[in-house]
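2 protein chains.
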Amino acid sequence: MRGYDKHAYEPFAVTVDLAVLTLRAGALHVLLVERGQEPYAGRWALPGGFLLPEESAEEAARRELGEETGLADVSGLHLEQVRAYSEPGRDPRMRVVSVAFAALLPDPPEPRPGTDAAEARWTPYERATGLAFDHDRILANARARVGARLESTCLATAFCPPEFTLGELQQVYESVWGTPLDRPNFRRKVLATPGFVEPVPGGARLTGGRGKPAALYRAGPATALHPPLPRTPREGHPA
Amino acid sequence: MRGYDKHAYEPFAVTVDLAVLTLRAGALHVLLVERGQEPYAGRWALPGGFLLPEESAEEAARRELGEETGLADVSGLHLEQVRAYSEPGRDPRMRVVSVAFAALLPDPPEPRPGTDAAEARWTPYERATGLAFDHDRILANARARVGARLESTCLATAFCPPEFTLGELQQVYESVWGTPLDRPNFRRKVLATPGFVEPVPGGARLTGGRGKPAALYRAGPATALHPPLPRTPREGHPA
DNA sequence: TCAAAAGTGTTGCTAATACACCCATGC
DNA sequence: GCATGGGTGTATTAGCAACACTTTTGA
């Protein structure tokens, strides 16, 4: 930040990469795009793109999110910065520093191919391997980050539509963490946290499920979870 | 990452900013440098600098750390990436994207001024306000990140010399979190976590303290803390 | 002998896990 | 009826906060 000269250093390109996560049929999915050109032509990759001259990485990520998903209003969706990736060889063409974001979507719209006519597709998280560049690592980091945030923040509601049941909320945790949770205990912990969820006044849901209609909730005003929702229903904790 | 043209976009400068944290006399301190030139000439700032063409942000951060502290061997020190900062106006000169790191130092050496002859100084965390650029925010984010990592990882030993007492380790937590902890309970939790600390075979310490000599420990092989060391001796965090 | 810091023991409360059980709906 | 998912109740248990107490040093 001192002794600088605008032209003394090779210019860097700065991009954003997005791990757009959602739940489809109770399983974690990620939005992938098929690359149309070299390098890695034909391979799947995380969506992303260059920063425009007058936008921040967050703004670029939100713009890309709208472009890739085709969603009209993308302003309320949660974007979580994961970290920056800056290894010199990560893009064979030039020096690219990438800021990765995790985006959380409640309803999974069918993706429309981006402006560059490459295909876009929701892919189960487990099958999203062999991605272009270092996107395998970025995706794993994004999932780990989101999983950690679920423990201590109210982030889980970002995966849910405006009104949701506690069963749906529980599925968020189970899908991202990959562990089953005890329903009665989950319910108590969520309801015991003030401001996490609020019951919607006169609602109960019916049509979808085969069982008893579930009560509907909305996201509450809280952002932090005190105490945290621990990840361990079955884990080796002998001590 | 698609449809790119090396010259289609304004070039970005990429820098690293370092929040170098240490404990002096039981209080959290941060390394600041006085800026010698505009903008913000005469103001204090976090140390940092540009990425060289063939180094990653982590490598640049470690190099800067060595340059600013004057430490000969900087390879074992802990560097924690905080996040990237990319708002268009954050540097008035040009578009600068900065990757922030928190560095944790056990022994606080007197800093030597950097190559650019500006002054460098350890500053108590509370007095490190009014910094140049957006460094107030970066520093706060770095401290929050380190505090959160103390809960769930064995990071605290990075603040300690190779051999340390449990009292010193406790001071790390108390200084970063800003809360006093109960010594007996802290001791039990640390020792109950396998691999967090290991007693050094035949050691006890004497000269420094006025009380009973404390046993010496070293960092163990564990990196994660299960269960986490909770931050709350008596705390009610309402939303 | 006192102060200061390390270390041990104990107690009592809180909270969470692991269930059993009831409810309401679709088929 | 019965399968399925929602929701409530509860007992045992484990963990932990709080505090009393002992130990070992320097002054």
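Protein chains in written order, with the UniProt record's numbering: chain P, 1 to 239; chain E, 1 to 239.
Virtual Cβ for every residue (Gly too), placed ideally from N, Cα, C.
Remember, predicted model here, so these are calculated numbers, not experimental data.
Check your understanding: If contact means a Cβ-Cβ distance below 7 Å, which residues of the region 67 to 89 of chain P contact chain E?
Key -> For the region 67 to 89 of chain P, the beta-carbon criterion of a distance under 7 Å to any beta-carbon of chain E is satisfied by Q81, R83, A84, S86, E87, P88.
Practice item. Starting from the Cα of F186(P), find the closest Cα among Y125(P), P228(P), V96(P) and give me that residue. Key: Here residue 186(P) refers to the residue found at position 186 when the first sequence is read from its first residue. Selection Y125(P), P228(P), V96(P) evaluated against F186(P) yields P228(P) as nearest (Cα-Cα).
Practice item. Identify whether R218(E) lies in helix, strand or coil by the three-state DSSP scheme. Key: Position 218 of the second sequence holds residue 218(E). Taken through DSSP and simplified to helix, strand or coil, R218(E) comes out as strand.
Point to revise | Length at least 3, wholly inside the region 46 to 80 of chain P: the beta strand (DSSP E) runs in chain order | key: The beta strand (DSSP E) runs lying completely inside the region 46 to 80 of chain P and spanning 3 residues or more are 48 to 50, given in chain order.
**Study point:** G202(E), DSSP secondary structure in three states
**Key:** As a first step, residue 202(E) is located in the second sequence; it is residue number 202 there, counting from the start. In the structure shown, G202(E) sits in a strand (DSSP, three-state: E or B).
Check your understanding: Is there at least one Cβ from chain P nearer than 8 Å to F196(E)'s Cβ?
Key -> Here the question's residue 196(E) lines up with position 196 in the second sequence. It does not: the Cβ of F196(E) has no partner Cβ on chain P nearer than 8 Å.
Practice item. Would you mind listing the alpha helix (DSSP H) stretches within the region 140 to 176 of chain P that are 4+ residues and don't spill past its ends, in chain order? Key: Within the region 140 to 176 of chain P, there are no complete alpha helix (DSSP H) runs of at least 4 residues.
Review point. Roughly how many whole angstroms lie between the Cα atoms of T153(E) and L104(E)?
Key: By one-based count along the second sequence, residue 153(E) stands at place 153. By one-based count along the second sequence, residue 104(E) stands at place 104. Within the model, the alpha-carbon separation for T153(E) versus L104(E) is close to 14 Å.
Practice item. With DSSP as the reference, label P184(P) as helix, strand or coil. Key: Reading the first sequence from its first residue, position 184 is the one you call residue 184(P). It is helical.
Practice item. Taking only heavy atoms of the ligand FMN into account, decide whether any of them is closer than 7 Å to the Cβ of L216(E). Key: Because no ligand of any kind appears in the structure shown, any question about the ligand FMN cannot be addressed here.
Exercise for review: May I ask which residues mark the beginning and end of the beta strand (DSSP E) holding T129(E)?
Suggested key: Against the second sequence, residue 129(E) aligns to sequence position 129. Taken as a continuous stretch (DSSP letters only), T129(E) belongs to no beta strand (DSSP E), as it is neither H nor E.
Practice item. Measure how close the beta-carbons of V14(P) and V97(P) come, nearest whole angstrom, since I'm counting them as under 8 Å. Key: For this step, residue 14(P) is matched to residue 14 along the first sequence. For this step, residue 97(P) is matched to residue 97 along the first sequence. Right, the Cβ-Cβ distance comes to about 5 Å (below 8 Å), so this counts as a contact.
Check your understanding: Which value, in whole angstroms, describes the spacing of the CA atoms of W44(P) and D134(P)?
Key -> Here residue 44(P) corresponds to residue number 44 of the first sequence, with the count starting at 1. Here residue 134(P) corresponds to residue number 134 of the first sequence, with the count starting at 1. Cα to Cα, W44(P) sits roughly 11 Å from D134(P).
Check your understanding: For L51(P) and chain E, any beta-carbon pair shorter than 8 Å?
Key -> For the purposes of this step, residue 51(P) is taken as the residue at position 51 of the first sequence. For L51(P), at least one C-beta of chain E is nearer than 8 Å to its own C-beta.
Point to revise | Span separating the alpha-carbon of T69(P) from that of P111(P) | key: The residue you call residue 69(P) lines up with position 69 of the first sequence. The residue you call residue 111(P) lines up with position 111 of the first sequence. Between T69(P) and P111(P), the C-alpha separation is close to 5 Å.
Review point. Three-state secondary structure (DSSP) at A84(P)?
Key: Looking up residue 84(P) in the first sequence gives position 84. A84(P): strand per DSSP, three-state reduction.
**Study point:** Close Cβ partners of G220(E) (< 6 Å) along its chain, the five nearest in sequence each way excluded
**Key:** Position 220 of the second sequence holds residue 220(E). Excluding the 5 residues flanking it on each side, G220(E) has same chain C-beta neighbours closer than 6 Å at G195, F196, V197, E198, in chain order.
Check your understanding: Along chain E, in chain order, which residues have C-beta atoms closer than 7 Å to that of W57(P)?
Key -> Taking the first sequence and counting its residues from 1, the one referred to as residue 57(P) is at position 57. Sequence check: residue 57(P) is Ala here, not Trp. Correct list: A84, S86.
**Study point:** Bounding residues of the beta strand (DSSP E) (the contiguous stretch that carries T22(E))
**Key:** Here residue 22(E) is taken as the residue at index 22 of the second sequence, counted from 1. Residues 13 to 24.
Review point. Thinking C-beta only, is L65(P) closer than 8 Å to L46(P)?
Key: For the purposes of this step, residue 46(P) is identified with residue 46 of the first sequence, where counting begins at 1. For the purposes of this step, residue 65(P) is identified with residue 65 of the first sequence, where counting begins at 1. Remark: C-beta atoms of L46(P) and L65(P) do not approach each other more closely than 8 Å.
**Study point:** Through-space distance from T179(P) to V20(P), alpha-carbon basis
**Key:** In the first sequence, residue 20(P) corresponds to position 20, counting from 1. In the first sequence, residue 179(P) corresponds to position 179, counting from 1. If I take the Cα positions, the gap works out to 21 Å.
Point to revise | Cβ neighbours of V30(E) in the same chain (closer than 7 Å, five flanking residues each side left out) | key: Your numbering for residue 30(E) matches position 30 in the second sequence. Cβ within range, chain order: A19, V20, L21, T123, Y125, A128, L139.
Exercise for review: Identify the contact partners of V99(E) in chain P, using a Cβ-Cβ distance below 9 Å as the criterion.
Suggested key: As a position in the second sequence, residue 99(E) is number 99, starting the count at 1. Result: R83, A84, S86, V97, V99.
Check your understanding: With 16 other CB atoms within 10 Å as the buried threshold, where does Q171(P) fall?
Key -> Looking up residue 171(P) in the first sequence gives position 171. Q171(P) sits buried, since 16 or more C-beta atoms from the chains shown fall within 10 Å of its C-beta.
Review point. When DSSP builds the beta bridges, which residues end up paired with F101(E)?
Key: Indexing the second sequence from 1 puts residue 101(E) at position 101. DSSP output for F101(E) lists L18(E), Q81(E) as bridge partner(s).
Review point. Is the distance from the Cβ of A84(E) to the Cβ of A84(P) below 8 Å?
Key: The residue you call residue 84(E) lines up with position 84 of the second sequence. The residue you call residue 84(P) lines up with position 84 of the first sequence. Yes, the pair counts as a contact, with Cβ atoms nearer than the cut-off.
Review point. When the cut-off is 8 Å and only beta carbons count, does E54(P) lie next to chain E?
Key: As a working mapping, residue 54(P) is identified with position 54 in the first sequence. Yes - at least one Cβ of chain E is within 8 Å of the one on E54(P).
Check your understanding: Between P11(P) and chain E, is there a C-beta pair that is closer than 8 Å?
Key -> As a position in the first sequence, residue 11(P) is number 11, starting the count at 1. For P11(P), the nearest beta carbon of chain E is closer than 8 Å to its own beta carbon.
Review point. Hey, quick one: how far does the beta strand (DSSP E) through E34(P) stretch, first residue to last?
Key: Position 34 of the first sequence, counted from the first residue, corresponds to residue 34(P). 27 to 34 is the extent of the beta strand (DSSP E) around E34(P).
Practice item. Indicate the three-state DSSP secondary structure (helix, strand or coil) for R121(E) in the structure shown. Key: If you number the second sequence from 1, residue 121(E) lands on position 121. Note: R121(E) maps to strand in three-state DSSP.
Exercise for review: Taking only beta-carbon positions, decide if V14(P) is within less than 8 Å of chain E.
Suggested key: As a first step, residue 14(P) must be located in the first sequence, where it is residue number 14. Cβ-Cβ to chain E under 8 Å: yes for V14(P).
**Study point:** Buried or exposed by the 16-neighbour rule on C-beta atoms within 10 Å, applied to L191(E)
**Key:** For this step, residue 191(E) is matched to residue 191 along the second sequence. Per the 10 Å Cβ criterion, exposed.
Review point. Any idea which residues DSSP pairs V197(P) with across the strands?
Key: Mapped onto the first sequence, residue 197(P) falls at position 197. Under the DSSP definition of a beta bridge, V197(P) partners with A219(P).
Exercise for review: Take Y40(P) and list the residues in its own chain whose beta-carbon comes closer than 6 Å to its own, dropping the five residues that flank it on each side.
Suggested key: Taking the first sequence and counting its residues from 1, the one referred to as residue 40(P) is at position 40. Within the same chain, and ignoring the five residues on either side of Y40(P) in sequence, the residues whose Cβ sits closer than 6 Å to its Cβ are A132.
Practice item. Flag this pair as yes or no: are the beta carbons of L79(P) and R63(P) separated by less than 8 Å? Key: As a first step, residue 79(P) is located in the first sequence; it is residue number 79 there, counting from the start. As a first step, residue 63(P) is located in the first sequence; it is residue number 63 there, counting from the start. Cβ atoms of L79(P) and R63(P): not closer than 8 Å.
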